[in-house]
Structures are given as C-alpha cells and as structure tokens.
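Asks: Residue numbers (my numbering): 288 to 493.
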Amino acid sequence: MSRTPSDPQSGSSSAGLFGQLRPVRPPPPTRHRTHEATWKRLGETIPRTEQEWQAARRRHGFDTPQAMAVTLVKLLDPTDDENSIYKIIFLAACHAESYGDWAKRPKTYADVRELLGNPRLDEGVLERYMKSAVRLIKLLDGLYMRGLLHRAYESILYIPSQISHLRQFGEQPERFMSLFLIEKPLPEIQGSLMLYLPLPGASHPP
Numbered sequence: 288m289s290r291t292p293s294d295p296q297s298g299s300s301s302a303g304l305f306g307q308l309r310p311v312r313p314p315p316p317t318r319h320r321t322h323e324a325t326w327k328r329l330g331e332t333i334p335r336t337e338q339e340w341q342a343a344r345r346r347h348g349f350d351t352p353q354a355m356a357v358t359l360v361k362l363l364d365p366t367d368d369e370n371s372i373y374k375i376i377f378l379a380a381c382h383a384e385s386y387g388d389w390a391k392r393p394k395t396y397a398d399v400r401e402l403l404g405n406p407r408l409d410e411g412v413l414e415r416y417m418k419s420a421v422r423l424i425k426l427l428d429g430l431y432m433r434g435l436l437h438r439a440y441e442s443i444l445y446i447p448s449q450i451s452h453l454r455q456f457g458e459q460p461e462r463f464m465s466l467f468l469i470e471k472p473l474p475e476i477q478g479s480l481m482l483y484l485p486l487p488g489a490s491h492p493p
C-alpha cells in the first residue's frame with residue numbers, strides 16, 4: 288500500500304495553530320523590597336512601658352553596675368564579628384575623622400573595608416555606610432531632645448542595629464521616632480549616657 292505524502296502547507300498551518308493555542312504566561316511580578324520586616328522588628332523591640340524597659344535591661348546585661356561594665360567592654364570589642372554596635376561607632380568615627388579632608392579618605396576607606404571584611408566595596412557604598420551610622424546618632428539625639436532623655440541612647444542595645452537596617456532608619460527619621468513612646472522617665476540611677484555613641488568613638492578612634 289502506497290503512503291500519501293503529507294501536505295507541507297497543512298503541516299505549516301497546524302504548527303501555526305498550535306502556536307496560537309499555546310498559553311501565554313504573564314511575566315513574573317516585580318518584587319519591590321519594602322523592608323517592612325525591619326520596621327516590624329523595630330516596633331517589637333522598643334521598650335514602651337517601665338516593665339518592658341526593666342526587662343530589656345536584664346536581657347541585655349544593663350541592669351546592674353557590674354553587668355553594665357561587662358556589657359560596655361563587649362561593645363568595644365573589635366574582634367567580635369557580630370558586634371554591630373562597635374561597627375556603628377567605628378563607621379561614625381571614620382566619617383568624623385575624614386570629613387572635609389580628602390587626604391584622609393583612602394585610609395578611611397581601607398579601614399572600613401577591613402572592618403567589614405570586604406576589600407571590594409566601592410567608595411559610594413562606604414560613604415553610605417558611614418553616613419547611615421551618623422544619621423542613627425542624630426536620630427538618638429532627636430529622641431533625647433523630644434523627652435526620652437538618657438533612654439534614647441540606651442535603646443541602641445535593643446533595636447535592630449545591623450548596617451543593613453541603619454539606612455532605612457536614616458531615610459525615614461519621623462517613622463523611626465514615631466515608634467518610640469516618648470515619656471520622660473522618672474529620675475533613676477543609670478548608666479545610659481555611657482552608651483552615647485560619640486563618647487566611645489572618641490575614646491576608641493579608628
């Protein structure tokens with residue numbers, strides 16, 4: 288029995304038909320990073336009531352003079368890679384040291400790259416990191432002036448303080464401050480002013 292050759296035009300039209308019937312998938316949705324998780328965590332970690340302040344002090348070793356001394360030593364330990372507060376102090380000190388003096392910038396950039404363990408960070412990123420640290424200090428100063436007093440500086444122990452968080456706080460200062468319950472604390476014997484970041488930065492320059 289002879290086979291009838293297929294019609295090439297028929298095959299072409301069939302291929303076109305299948306192409307038309309093939310479902311067209313929409314492009315994947317564009318994801319925009321909102322950093323809402325950072326803001327949520329900030330709101331959850333800020334003490335609001337007196338009981339929460341005292342509990343936070345106990346958790347973070349800032350409730351007795353002996354505990355405060357140990358905590359401050361740890362905060363100034365440059366060998367702890369997880370010590371984000373030391374990094375903030377270092378970055379702010381680097382910014383102050385090199386501000387307006389271009390001759391000091393190469394050493395400053397080298398010091399920050401060494402601190403962060405990344406020799407390839409470009410200068411723009413380094414500048415953003417340093418400025419973010421300075422902006423955080425200004426935010427804490429603002430909280431002090433609004434009435435939170437010494438507890439504004441103490442809050443650095445409790446809030447998210449990784450470098451990735453700092454830029455978000457600095458870019459939205461009012462949102463940052465709005466999460467704090469501004470109530471003038473009662474007079475108390477405390478060591479919170481020791482956490483005023485420019486002080487350890489001055490005593491431990493880069």
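Note that CB positions come from ideal geometry on N, CA and C, so glycine has one too.
Model, not experiment: these values are computed from the prediction.
In chain order, what residues of the same chain have a beta carbon less than 7 Å from the beta carbon of Tyr494, not counting five sequence neighbours either side?
Replies: Limits of the chain in this structure are 288 at one end and 493 at the other, which puts residue 494 out of reach.
Asks: When you compare only the Cα positions, how much space is there between Ser442 and Lys394?
Replies: Approximately 31 Å, taken between the alpha carbons.
Asks: Which residues in the same chain have their Cβ closer than 7 Å to the Cβ of Leu359, if we skip the five residues on either side of it in sequence?
Replies: Counting only Cβ-Cβ distances below 7 Å, and skipping sequence neighbours, we find Met481.
Asks: Classify Ala439: buried if its beta carbon has 16 or more other beta carbons within 10 angstroms, exposed otherwise.
Replies: Buried.
Asks: Report buried or exposed for Gly457, applying the criterion of at least 16 other Cβ atoms within 10 angstroms of its Cβ.
Replies: Buried, because 16 or more other Cβ atoms sit within 10 Å of the Cβ of Gly457.
Asks: Would you please state the rounded distance, in angstroms, between the beta carbons of Leu423 and Ile375? I believe it to be under 8 Å.
Replies: With 8 Å as the limit, Leu423 and Ile375 qualify as a contact, their Cβ atoms being about 6 Å apart.
Asks: Does the pairing of the segment 395 to 402 with the segment 418 to 435 give three or more beta-carbon distances under 8 Å?
Replies: Result no; under three Cβ-Cβ pairs closer than 8 Å.
Asks: If you count every other CB in all the chains shown that lies within 10 Å of the CB of Ala390, and 16 or more means buried, which is it?
Replies: So Ala390 counts as exposed.
Asks: Can you grab the Cα-Cα spacing for the pair Glu475 / Glu337, in whole Å?
Replies: In a straight line, the C-alpha of Glu475 is about 12 Å away from that of Glu337.
Asks: Suppose you measure from the CA of Lys463 to the CA of Tyr416; what does that come to, to the nearest Å?
Replies: It should be pointed out that residue 463 corresponds to Phe in this sequence rather than to Lys. Whole-angstrom Cα-Cα distance: 18 Å.
Asks: If you drop the 5 nearest sequence neighbours on each side, which residues of the same chain put their C-beta closer than 6 Å to that of Val421?
Replies: Here the set comprises Ala379, His382.
Asks: Report the option in Pro365, Ser385, Gly404 whose CA atom is closest to the CA atom of Glu414.
Replies: Ranking the options by Cα distance to Glu414, first place goes to Ser385.
Asks: Taking the continuous alpha helix (DSSP H) assigned at Gly411, which residues delimit it?
Replies: Counting along the chain, the alpha helix (DSSP H) containing Gly411 begins and ends at 410 to 430.
Asks: Compare the Cα-Cα distances from Leu426 to each of Thr366, Gln455, Asp409, Pro406 and report the closest residue.
Replies: Of the listed residues, the one whose Cα sits closest to Leu426 is Gln455.
Asks: Sort Trp326, Gly330, Phe349 by Cα distance to Phe467 and report the nearest one.
Replies: The candidate whose alpha carbon is nearest that of Phe467 is Gly330.
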